[in-house]
Structure formats: C-alpha cells, structure tokens
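The numbers in this note's numbering rise by one with no breaks, and the one at position 351 of the sequence shown is 352. Think of the CB as a built atom: it goes at the ideal place given N, C-alpha and C, for glycine as much as any other residue. Presented below is the structure to which this report refers.
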Amino acid sequence: MKRRSLLALLVAASGCNALLGIEAGEYDPPRDVQRDVPRDAPSGDDDDDVTPNDAGAGVVRPEVMDGGVAVLATDMAIDAITVGATHVFWTNRRSRTISRAPIGGGETEAFVESTENSLGATIVAKDGAVYFLRAGVHRCPESACAATGPERVVPPPASIFTVAGPGATYARGSGLYHCPVLPCAGSDVQIAEGGARIIWSITSTSDEAVWASSVADGPLTIFARDLSRASPERVVSPPQDAGTLGVFALSVADAWLVFSTTDGLYQTQLGGAGPNHRLADGDIRSFVVRGGQIYYTDTTHGAVLVRPLETPSSPASVLAAEQPNAHALAIGPDRTLYWAVTDDAGSRLVRLVRQ
C-alpha cells in the first residue's frame with residue numbers, strides 16, 4: 002500500500018504548508034494530555050491509498066495521512082457537520098450551501114443549492130432526514146434534496162420548544178427544538194436535553210433577554226427549564242474568567258453537564274451539586290460525548306482528543322495532532338469521528354481512521 006507524505010500531498014494540492022499528521026517534537030499538547038490513543042477510540046475502514054484530485058475538485062478520495070486521518074472533501078468553508086447513514090453532510094454559510102460526501106469517500110455533491118435566504122450553521126441528521134435552518138427549519142431526505150427542494154418543518158406544539166436562538170436547531174427523540182424569534186436572540190445559543198429538562202445558554206446583549214445574563218459584560222449563565230414550569234432554574238455559572246467568551250457547546254450525559262468555551266472545556270454535576278471541573282485549557286469549539294468518553298477539538302493547540310467522562314481528573318489522549326483550527330466535530334453511528342480543519346487554503350473535512 003502506497004502512502005504519500007503529507008508535504009508532497011499538500012504541495013500538489015494547494016501549495017500550503019503541512020496540514021495533517023503528527024511530527025515528533027512539533028506538538029505541544031495541552032496540560033494533562035497523553036499521546037497514546039485509547040483502545041476503544043473510534044475507527045474507520047482501511048482505505049487503499051490513491052492520488053487525490055487538486056483542492057476544490059469535485060472528487061476527493063480518502064487518502065490515509067500520517068497520524069491516521071483521511072481527507073474526505075474540501076470546501077472554502079465548513080461550519081457544521083452531521084453524519085447520516087451513508088453520507089457526511091456539512092454547511093457552508095459563506096456560499097449558503099449544504100454539501101455531502103459518502104462516508105467511505107467519493108464524489109462531493111451539492112445537497113442544498115445556494116439561495117437568497119441565509120443558512121444557519123446547525124445541521125442535524127435524524128431518522129433518515131437532514132434538518133437545517135434557512136428562513137425557518139427545513140428538512141430533506143438523506144437520499145436527495147435537489148429534485149424536490151427542502152420541505153419547511155412546522156412541528157406541532159408538543160415537538161417544538163423555544164430554547165434556541167436563530168442559528169441553532171436541536172433534534173432528539175421525538176422533539177425538534179428551535180426558536181426563530183426573540184427573546185431567544187443572542188450569540189452562542191446552545192441547547193441540550195437532560196431527562197425532562199431542556200438546558201440552554203445564551204450570551205445576552207440586552208437586559209431584556211429572558212433566559213440569559215442581564216448585561217453583556219456579565220458572566221454567562223447556563224439555565225435549565227423543566228418543561229412543566231414557567232420559570233428557568235439556574236444550573237451552573239461558568240467561572241468568571243470564562244464569563245464573556247461564549248459557550249460553544251452543551252451536552253448532558255448521565256448526571257454530568259459538559260460545556261465548552263473559548264477558554265476551555267468544563268464538566269459539572271447536573272443540578273450544581275459539585276464544583277466545575279476544568280478539563281482542558283484553550284479554545285474548545287466542539288465536542289461529543291459518547292460511550293462514556295468526551296471527544297473534543299482543541300483549536301488553540303490544533304488537536305483532537307478524548308478523555309473519560311466519569312473521572313474528570315484523568316488525563317486526555319491525543320487522537321490527532323497538527324489539525325489547524327479543528328472544529329465542527331461529529332461522530333457517526335460506528336463511532337468514527339469527523340471534523341473540519343481550516344487554513345489559508347480553505348477547509349477540509351477529515352475523519353479518523355484505524356491506526
């Protein structure tokens with residue numbers, strides 16, 4: 002099996018410096034980080050190495066790079082990723098398009114063409130359909146969208162709950178949660194589900210925000226609302242040093258609430274019974290909790306890491322280093338990880354493959 006070196010690939014593709022791979026002595030891992038990959042780390046199928054097309058071409062076949070990552074697609078910008086049964090989907094808010102590529106690699110296709118309507122960053126694959134925001138919540142079957150066009154979703158009252166701002170949609174169980182209007186407007190609106198409660202955070206720019214901090218320069222507050230109650234309940238306030246940096250993601254797993262900011266990754270017991278555990282320093286743009294593990298991207302250090310959920314004091318393990326501006330982490334049904342990397346040449350959709 003032939004493996005091209007990372008430098009040779011990128012010189013041929015875009016003339017940029019090395020993008021992917023782990024080079025000894027070049028990566029300074031975050032604190033409490035181990036370099037080994039856990040045995041239960043997600044894996045992908047083995048791929049035969051082939052010569053990829055030039056950057057921006059319609060077909061980018063997966064080539065295993067140093068460090069165990071494979072490039073599936075290129076785009077000028079990738080904002081969010083979701084994984085369906087057979088394809089990986091991603092949004093490009095700059096071109097207002099949604100594209101897809103086969104999980105195993107192959108031709109990149111336009112899934113939703115550009116329109117005059119703005120495109121939200123969030124995209125969710127659920128039950129054979131892809132949900133996204135474009136002047137309201139829309140969906141298309143995973144199999145195709147261009148032929149019939151997106152279908153506008155108008156969920157019944159039992160399935161919609163105003164906890165997310167414009168640009169955020171959350172699908173879980175039988176519910177699709179979305180807030181298209183005030184008082185949910187704000188930046189960095191994130192939502193998660195914990196039992197019978199919906200948990201959300203909003204960075205407020207006005208003292209009129211109902212479920213957010215009252216002043217723009219105040220600490221961000223994560224709230225929880227019981228679906229049968231009218232008023233929100235405070236769950237936890239991030240530390241002051243993370244107060245105005247924005248909450249990028251929330252997740253509820255068992256009794257834990259995990260959230261990330263530009264200042265780091267945090268974990269606390271749901272209900273505020275324990276302290277905030279700061280799991281990692283740096284700009285943590287995205288994470289996924291699955292199978293008792295927290296997988297996350299560290300934009301500051303250019304890495305993708307994993308750490309155990311139940312033991313916050315345990316060190317993290319590096320799954321992939323030299324991942325510039327890693328973000329938009331997603332996980333497939335088989336626990337294969339996908340994320341985006343971005344440099345001056347554009348964005349690349351990559352996946353973690355078997356080591």
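If you draw a straight line from the C-alpha of A122 to the C-alpha of Y132, how long is it? Cα to Cα, the separation comes out at about 11 Å.
**Prompt:** K127 to P313, Cα distance in whole Å?
**Reply:** Roughly 30 Å separates the two Cα atoms.
Per-residue DSSP class, three states only, for L310:
Coil.
Work out the CA separation of T300 and G107 for me, nearest whole Å.
Spanning the alpha carbons of G107 and T300 requires a straight line of approximately 27 Å.
On the three-state DSSP scale, how would you describe D255? DSSP places D255 in the coil class of the three-state scheme, outside both helix and strand.
Check your understanding: What three-state label does DSSP hand C141 in the structure shown?
Key -> In the three-state scheme derived from DSSP, where H, G and I count as helix and E and B as strand, C141 is classed as strand.
Item to complete: Assign G265 to buried or exposed, taking buried as 16 or more other Cβ atoms, counted over all protein chains shown, within 10 Å of its Cβ.
Response: The C-beta of G265 has 16 or more other C-beta atoms within 10 Å across all chains shown, which makes the residue buried.
Beta-carbon separation of A329 and A321 under 8 Å? With respect to the 8 Å criterion, A329 and A321 are not classified as neighbours on the basis of their beta carbons.
Exercise for the section: Work out the CA separation of F288 and D255 for me, nearest whole Å. Expected result: Annotation: D255 to F288 spans about 16 Å, alpha carbon to alpha carbon.
I295 and V305 look like a contact to me (Cβ under 8 Å); what is the Cβ gap, rounded to whole Å? Contact flag wrong, Cβ pair sits at about 12 Å.
Fill in: Same chain only: Cβ atoms within 6 Å of A74, ignoring 5 sequence neighbours per side
Answer for A74: V61, A102, T109, L350, listed in chain order.
### Task
Would you tell me roughly how many angstroms separate the C-alpha atoms of V138 and R153, rounded to the nearest one?
Spanning the two alpha carbons is a distance of roughly 6 Å.
Distance cutoff 8 Å, beta carbons only. Does G85 sit that close to anything in chain B? In the structure shown, chain B cannot be found, because there is only a single protein chain.
- request: Compare the C-alpha of A250 against each of G85, G292, T298 and name the closest.
  value: If we check each option's Cα against that of A250, T298 comes out closest.
Q.
Using only CA atoms, which one of A130, S96, G105 lies nearest to S119?
A. The option with the nearest alpha carbon to S119 is S96.
> Under a three-way DSSP split, which group does T1 fall into?
Replying inline: Because the chain spans 2 through 356 in this model, residue 1 falls outside it and cannot be assessed.
Going by DSSP in three states, G265 sits in which element: helix, strand or coil? Collapsing the DSSP output to three states places G265 in a strand.
Distance check for A71 and G357, CA to CA, integer angstroms please. The structure shown does not extend to residue 357, since the chain is modelled only from 2 through 356, so no value can be given for it.
Look up A322 in the DSSP assignment and say whether it is helix, strand or coil.
Assignment of A322 by DSSP, reduced to helix, strand and coil, places it in the coil class.
Practice problem: Pick out whichever of L258, T263, V125 has its Cα sitting closest to the Cα of D284. | Solution: Comparing Cα positions, the closest option is T263.
By alpha-carbon positions, which one of I124, G303, R291 ends up nearest to D335? With distances taken between Cα atoms, D335 lies closest to R291.
- Item | Rounded straight-line distance, which links the Cα of F260 to that of I104 | Across the structure, I104 and F260 are spaced so that their CA atoms are roughly 28 Å apart.
Using a Cβ-Cβ cut-off of 8 Å (strictly less than) and excluding sequence neighbours within five positions of T87, which residues of its own chain qualify? Setting aside the 5 residues that flank it on each side, T87 is surrounded in the same chain by P103, I104, E143, each with a C-beta closer than 8 Å to its C-beta; the list follows chain order.
Cβ neighbour criterion (16 or more within 10 Å) applied to S252:
So S252 counts as buried.
task: Specify, as a first and last residue, the run of the beta strand (DSSP E) that G347 falls within.
output: Where G347 is concerned, the enclosing beta strand (DSSP E) stretches over 347-353.
Taking DSSP's pairing of strands, which residues face R361 in a bridge?
Residue 361 lies beyond the stretch modelled for the chain, which goes from 2 to 356, so this question has no answer here.
Taking all protein chains shown into account, do 16 or more other C-beta atoms lie within 10 angstroms of the C-beta of G303, making it buried, or fewer, making it exposed? Buried, by the Cβ-count rule.
query = Would you say M77 and G293 are within 8 Å of each other, going by their C-beta atoms?
reply = Cβ distance not < 8 Å, so M77 and G293 don't count as in contact.
Checklist entry - Per DSSP, A126 is paired with what? => result In DSSP, A126 forms a bridge with V131.
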